[in-house]
Amino acid sequence: METIDRTRDALLIVDLQHDFLPGGALPVEDSDAIVAPIAQLAERFATVVATQDFHPPGHVSFASRWDKRPLEVVEVNGEQQRLWPDHCVAGTRGAALACGLPDGALTLILRKGTRREVDSYSAFREGVGPDGARASTGLAELLRERGVERLFCCGLALDYCVQASARDAAQAGFRVLVLDDLCRAIDPGNRLPALEAAGVRRASSTVLA
Ligand SMILES: [Zn+2]
Numbered sequence: 039m040e041t042i043d044r045t046r047d048a049l050l051i052v053d054l055q056h057d058f059l060p061g062g063a064l065p066v067e068d069s070d071a072i073v074a075p076i077a078q079l080a081e082r083f084a085t086v087v088a089t090q091d092f093h094p095p096g097h098v099s100f101a102s103r104w105d106k107r108p109l110e111v112v113e114v115n116g117e118q119q120r121l122w123p124d125h126c127v128a129g130t131r132g133a134a135l136a137c138g139l140p141d142g143a144l145t146l147i148l149r150k151g152t153r154r155e156v157d158s159y160s161a162f163r164e165g166v167g168p169d170g171a172r173a174s175t176g177l178a179e180l181l182r183e184r185g186v187e188r189l190f191c192c193g194l195a196l197d198y199c200v201q202a203s204a205r206d207a208a209q210a211g212f213r214v215l216v217l218d219d220l221c222r223a224i225d226p227g228n229r230l231p232a233l234e235a236a237g238v239r240r241a242s243s244t245v246l247a
């Protein structure tokens with residue numbers, strides 16, 4: 039069992055937004071099942087960060103921008119960029135956080151992917167930009183300032199933004215635990231090599247005392 043330490047532990051809720059829920063632009067199967075348990079869990083942490091995928095129209099990750107189909111891959115700034123349906127467009131309902139997330143429990147809402155030419159799966163570092171570098175979002179520094187040492191990760195989608203965020207958190211020096219039962223994957227068959235390589239632990243939220 040793991041006991042939640044309200045000083046040193048934080049909860050990271052990744053992209054729990056309407057467009058990733060059933061009926062949204064990029065729905066993740068069964069994702070509505072994790073909203074209520076995550077909302078309950080959030081009440082137990084003193085530091086809760088929710089990320090929000092938040093793209094301008096014509097974003098570099100949109101297939102429509104390239105006149106291609108979703109899931110095709112193009113090269114952006116020297117990196118492979120998978121293309122998606124238009125999703126989480128800033129200011130739309132699809133970009134809004136899932137109803138049911140307790141606003142009062144959220145310490146910070148971190149918007150990512152806000153630059154038109156750069157995608158960002160990770161809460162900690164943007165994708166590679168035109169300058170060839172991955173810019174920090176400042177989240178690691180904020181968590182350290184608050185005394186956080188360990189991060190519990192949940193949300194959507196496990197094989198993309200959760201994986202990237204957990205890997206970067208581990209590389210930034212945090213102990214990281216992905217709560218598998220509170221994540222859903224776009225492709226549940228995807229392996230998660232970045233998690234394995236970064237030494238990220240995975241467990242069910244039932245380990246939380
Ligand atoms: Zn996105």
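The working numbering numbers the first residue of the sequence shown as 39 and each following residue consecutively. Glycine included, each C-beta is placed from N, C-alpha and C at the ideal position.
Under the three-state reduction of DSSP, which class applies to residue i: helix, strand or coil?
i	result
Cys199	helix
Gly165	strand
Ile42	coil
Phe100	strand
Gly193	strand
Leu64	coil
Ser158	coil
What residue range does the alpha helix (DSSP H) around residue i cover?
i	result
Leu217	That residue, Leu217, is in no alpha helix (DSSP H); its beta strand (DSSP E) goes Arg213 to Arg222.
Ile76	Val73 to Ala80
Ala178	Leu177 to Glu183
Ala241	Taken as a continuous stretch (DSSP letters only), Ala241 belongs to no alpha helix (DSSP H), being part of the beta strand (DSSP E) at Arg239 to Ala241.
For the beta strand (DSSP E) that residue i lies in, which residues bound it at each end?
i	result
Ala248	With the chain represented from 39 up to 247, any question about residue 248 goes unanswered, as that position is not in the structure.
Ala48	Asp47 to Val52
Leu233	First-last for Leu233: Pro231 to Ala236, but that is the alpha helix (DSSP H), not the beta strand (DSSP E).
Are the region 228-237 and the region 174-191 in contact at 8 Å, needing three or more beta carbon pairs?
-> In the pairwise beta carbon analysis, the region 228-237 is classified as not touching the region 174-191: fewer than three pairs are separated by under 8 Å.
Is the region 123-143 touching the region 60-77 in the sense that three or more CB pairs, one from each, lie closer than 8 Å?
-> Verdict: yes, contact present.
Among all residues, which have a Cβ less than 6 Å from at least one non-hydrogen atom of ligand 1, and in what chain order do they fall?
-> Those residues whose C-beta sits under 6 Å from the nearest heavy atom of ligand 1 are, from N- to C-terminal order along the chain, Asp91, His93, Ser99, His125, Cys126 and Gly151.
Spell out a yes or no on whether the region 73-80 and the region 151-160 are touching, meaning 3 or more CB-CB pairs, one atom from each, closer than 8 Å.
-> No: fewer than three Cβ pairs fall under 8 Å.
Contiguous alpha helix (DSSP H) assignments of at least 4 residues, all confined to the region 98-132 | Runs of the alpha helix (DSSP H) spanning 4 or more residues and lying entirely within the region 98-132 occur at 101-104, in chain order.
Validate contact between the region 84-91 and the region 105-113 using beta carbons, cut 8 Å, 3 pairs = No: fewer than three Cβ pairs fall under 8 Å.
Evaluate the contact criterion for the region 166-183 versus the region 194-201: three or more CB pairs, one atom per stretch, below 8 Å.
-> No, the region 166-183 is not in contact with the region 194-201.
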